[in-house]
Amino acid sequence: MTFLVRQIALKSSGEEIVRPTTVEGDEILIGRDAACGIHLPDLAVDPRHARLRLAADGSLVAESVGDQPFDVDGRSTTRTTLDPAVGAELGFGGHRIVLSRDGESGVPVLTVRRVEAVSESAEDIDLSSVYTLKGLLPGKRGSAWTFALLMLAAFLVAPIWSWATYQPLALHKDARRPAGIHGDTAWSSGHLSLAHKNLNNDCQACHVQPFVAVRDNACLTCHTQDAHQHIPDGARLLKARGEPTGFAAFQRAVATTFNRPAGRCVDCHTEHTGAGAMQPTRQQFCADCHNGLKGRLPDTALSDAADFGTAHPQFRPMLVSGFAGDKAVLKRVAWSDGLKENDGLKFTHAQHLSKTNGVAQMVRRRPGQYAAPDGLGCQDCHRAESDGARFRPVEMEQACQSCHSLTFDEVGGTFRTLKHGQPAQVVADLLAAYRGGMPERPLSLSGMARRIPGDAAQRATAADYARAVRFYPTQGSQAVAQVFSKGGMCYDCHVIGRGGDARTAGFSVQPVAQNGRYYAKGWFDHRAHRKTDCAECHVKATRSNDATDLLVPGLEGPGGCRSCHVGEGGAHLASAKVKDPVDSSCAMCHAYHMDAGAPWKPADKRKHDDLHTAALDRPRLPGDLRH
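Take 310 as the starting number for the sequence shown in the working numbering and just add one per residue.
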């Protein structure tokens, strides 16, 4: 069954407005309750006053829900039977409901109309305004103008006055506003980060000119040392980013029109985003420029890079290419398997890390002096810096001298040792040692020892001793030659030449350069890899028999960084088998500020767990090789 309800309202001009609705069901409620099918907002009507229901013969039965009656064609009743074909008029307070039948569909039609002064309860009162404060408050127009003026005063006049009052402070580096309320803080879009919290009340420190967006020179007033290399050429930076398209191009045009040009520091380093620490840099921050950079800047020396796991150029370690006097000359080259570096030393990692040769036997005979009982380990020579991130240069006196002694003489129980790293001093000490004494006197000349009878034997012994005394100083030169020649103390570890002067008896020792940082453009932290075997990354160490072998890992292959690090989103996992993948964004290894420290990390990421790799359950070689 369907009821068609037509609500009729009048405009101020007297024109009728008809709002038809349909109500499904065999009955329909009439009352002041908004849930009723016919809602009558009249205090003379009960919330659920009456109901209309369909009878078996097709007629409609109208009956009161409670004790309140209603009118039917002018007569008061609580129950009646109605024929839609004949029609009827029902009265409820100040409303009249006319019953009829729709000519096309045949459904009952209930036309609801409000009539004036029908019931005593209505008494010409507009119920929509009975409970309002209309007339007690100012008009809408006056209120609107008043609040508009208040807003202009609070958020335009007061901020401009506050800024103009303290604007001269922008010209003084250490000047600060007094504590209190400042009108221009109303324009702030949010709190400053912790790095800039001391500027909370000094808007003019960055916003130097009114209605002018922050310029780079305001940033460089304080950031004189840590501003990165992108700053000097803003036009080139914009070219590297490429021209925006679509809606981004429209946004840039609007920003430029309103004095917000692109390419400023604040394009990337946004402020007023909250009072916490700065957020870690996402990979997209870097990839927006460096992905496809060669196409936009053909003259750049940088390679394209997007994701470490899938789109990153091969590493370029900084190697010793030669020497300018005693100073090493460094050169960046592309990493490749078999790359060599001549650092001036003769050293074999395989020999020293062996568990079966003479080195291992020596370690076993000296228990407690080395980290492992069965042979040398990386940590026996390579000692970490105080920060744990890198390693100190290997010192002969600390790492080598316990096995490779430079002792050459003993005097009264005290050993005399050659000066390491000072060839001229070595020569001087050896020559002085042989000039400062004489050969041991033969017992046959003492008169107390037994000797061959006869003067001839005595004269022969005396002649031999005199000859030894005469030629004894020449043995010092022989000792010098022996030290700098094959099998000698210096020759075994250093590259010896014949280009020296008289102070070094014509011998020369090639300078030694220990490369402390191979990847100068990236950061590597050994602390995060303490639970990983050194040999898992430096895979050639245990089998390298050449001191010139470069043991630093590259991007791919055994020990390569991609064996664990899969990029920010782990895209590398789709093309390679990685047992323990580590998400790696650009900011993990690269810092874009001009300092030698590690890339910036938020406070909650600085104390992180060590990175675990597949070598975690294997026997470890603590420490590390140079990186």
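Virtual Cβ for every residue (Gly too), placed ideally from N, Cα, C.
The model shown is predicted, which means the values in this text are computed figures rather than measured ones.
Query                                                                                                            : Result
contact_flag[the region 594-605, the region 613-631] where n(CB pairs < 8 Å) is 3 or more                        : yes
Helix, strand or coil at Q316 according to DSSP, with G and I counted as helix                                   : strand
Those residues which DSSP pairs with P329 across a bridge                                                        : R315
Exposure label - T554; buried when at least 16 CB within 10 Å                                                    : exposed
Span separating the alpha-carbon of A558 from that of K849                                                       : 52 Å
Where L662 falls: helix, strand or coil (DSSP)                                                                   : helix
Length of the line joining the Cα atoms of V736 and W832                                                         : 43 Å
Candidates G400, D738 and G878: closest to A814 by CA position                                                   : D738
Option nearest E706 by Cα separation, candidates I347, K728 and G334                                             : K728
Classification of G876 by the beta-carbon crowding that lies within 10 angstroms, buried from 16 upward          : buried
Per-residue DSSP class, three states only, for D718                                                              : strand
Those residues which DSSP pairs with L409 across a bridge                                                        : Leu is not the amino acid found at residue 409; the sequence shown has Ser there. DSSP output for S409 lists V418 as bridge partner(s).
Check whether G686 and V804 have beta carbons under 8 Å apart                                                    : no
Span of the alpha helix (DSSP H) around G667                                                                     : G667 to R674
Euclidean distance between Cα positions of P447 and V314                                                         : 40 Å
V821 versus S630 - alpha carbon distance                                                                         : 12 Å
Close-in-space but distant-in-sequence residues of the same chain around V703 (CB under 7 Å, 5 per side omitted) : C690, H691 and Q823
Under the three-state DSSP convention, the category I469 falls into                                              : helix
C-alpha distance - A659 paired with A527, whole-angstrom precision                                               : 57 Å
Contact under 8 Å by Cβ, G402 with D351                                                                          : yes
Helix, strand or coil at R384 [DSSP, three-state]                                                                : strand
Exposure label - A318; buried when at least 16 CB within 10 Å                                                    : exposed
Element boundaries [beta strand (DSSP E), containing T726]                                                       : T723 to T726
Cα-Cα separation, P607 to G551                                                                                   : 13 Å
Spatial distance of Q593 from A514 (CA atoms)                                                                    : 30 Å
Buried/exposed call for S321, threshold 16 Cβ in 10 Å                                                            : exposed
Element boundaries [beta strand (DSSP E), containing R641]                                                       : K636 to R641
C-beta contact flag for P393 and R410 at 8 Å                                                                     : yes
C799 classed as buried or exposed, judged by whether at least 16 other C-beta atoms fall within 10 angstroms     : buried
Sub-8 Å separation of C345 and R328 beta-carbons                                                                 : no
CA nearest to the CA of T474, picked from W454, S452 and P519                                                    : P519
Distance between beta carbons of P417 and L369, contact taken as under 8 Å                                       : 6 Å
Top-ranked residue by Cα proximity to N509, from A488, L529 and S452                                             : A488
Which listed residue (S794, R360, G323 and V354) has its alpha carbon closest to that of F312                    : R360
Candidates V521, T590, T609 and Q534, of which the one nearest F567 by Cα                                        : V521
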